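Below is one structure, written out as structure tokens; the observations come after it.
In the working numbering, the protein residues as written are 3 to 415.
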């Protein structure tokens, strides 16, 4: 069984430490560890237990799935325990029977993408240290009634630039809080397909009354009056383009993340939505239990979690959990640099360091290359940086999936 922890909000209508879930399931992972490094005390977690933490909106809160217009996280595609859904957490536990799963659902109904970072902060404040983080967001950024018409185009959607900035901020917050967690990122929901299923049913008037998805429906964002002709076509096309922009932003933020981050490749956005997957008894908008199960199915496959390896018949040897001992050896702290600068670090580890990178705050300076003498070196041009002081640290990762961090040095440009 797995333990479910939820953090409830009203709906919108609109360790064994260090075990890598994807490595455990036989899926290729990056060099990052899945070993927590927070100094905050985490909730009590028994040996052999992994935590899956979910971020997102009312879809991840499984709003309306209990037959009333409220959250029902037991049916969540990400963290739910309902057998009819077979959530990601349930599947992870079933794939590795020796390990139990604890879940923490920090999604918030009604959330836009700019609200996710605060949910990460709430999870950190509660001492959460997840091994796996899921993210499904963007539906409200296309559809929420809280969005005002944009002054430039008149459409009520989060701008592509704001969405991209927020996506990058989310990944930075996750890497700061949980640098060793695997992050599983979904594309945005297929709102256009959902509206196509609903628009010729009584649900169309429900959507109109709630004022959701105005641009997708082709109505005036300020008045709700249906658009016609070119204005209608342009509105629908703008919503489709914005969904593409949102997905590009999520994919880019995931690719740039320091974490082992897995993008679904746009799988959820490509998946058609049918009436049989919607809560037609409540709001004709949110996924019902069948819809939640569909999301779990699509993302489980898209994230490569289905490619699990066969259990080994031989005993598994004890896993190394010692992080690399990493130290920056040059330049010395307090140095003033000009022109090309070579950052040098040493890393000692029992099973061998596989990657070392240099960072300045939340910005990655670059990945170092291992030299013949065993040191790790990265040469950068200081001319690309404004004058000022820069705090530099080195992150090292070993073959067993452990993560080590050096003491910082300060360089002046």
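Positions of the beta carbon are idealized from the N, C-alpha and C atoms, including for glycine.
As the structure is a prediction and not an experimental result, all values here were calculated from the model.
- Residue environment: residue 334 is assigned as exposed (fewer than 16 neighbouring CB atoms within 10 Å of its CB, all protein chains considered).
- Across the structure, residue 140 and residue 227 are spaced so that their CA atoms are roughly 24 Å apart.
- Contact between residue 349 and residue 328 holds, with the beta-carbon distance rounding to 4 Å and staying under 8 Å.
- In the three-state DSSP reduction, residue 63 falls in the coil class, being neither helix nor strand.
- In this structure, residue 346 places its C-beta atom within 7 Å of the C-beta atom of residue 331.
- A Cβ-Cβ separation of about 4 Å places residue 255 in contact with residue 169 under the 8 Å criterion.
- Judged by beta-carbon spacing, residue 56 lies within the 7 Å limit of residue 81, meaning their Cβ atoms are closer than that value.
- Taking C-alpha positions only, residue 383 is separated from residue 343 by approximately 6 Å.
- Inter-residue distance for residue 389 and residue 404 is about 35 Å (C-alpha atoms, whole angstroms).
- For residue 166, the uninterrupted alpha helix (DSSP H) run begins and ends at 162-179, by DSSP.
- Nearest in C-alpha terms to residue 409, of all of 402, 395, 401, is 395.
- Rounded to the nearest whole angstrom, the CA to CA distance from residue 291 to residue 280 is 8 Å.
- Secondary structure note for residue 305: it is in no alpha helix (DSSP H), with a DSSP letter that is neither H nor E.
- Rounded to whole angstroms, the Cβ separation of residue 115 and residue 155 is 19 Å, and the two are not in contact under 8 Å.
- In the DSSP assignment, residue 360 forms a beta bridge with 368, 396.
- Taking the C-beta atoms as reference points, residue 79 is found no nearer than 7 Å to residue 411.
- By alpha-carbon distance to residue 184, the top candidate from 368, 377, 393, 262 is 262.
- Its Cα nearest to that of residue 202, the residue 219 stands out among 219, 106, 214.
- Cβ contact annotation for residue 305 (same chain, cutoff 7 Å, sequence separation greater than five): 186, 264, 266, in chain order.
- Counting only runs that start and end inside the region 199-279, the beta strand (DSSP E) elements of at least 3 residues fall at 262-265.
- DSSP lists no bridge partner for residue 131.
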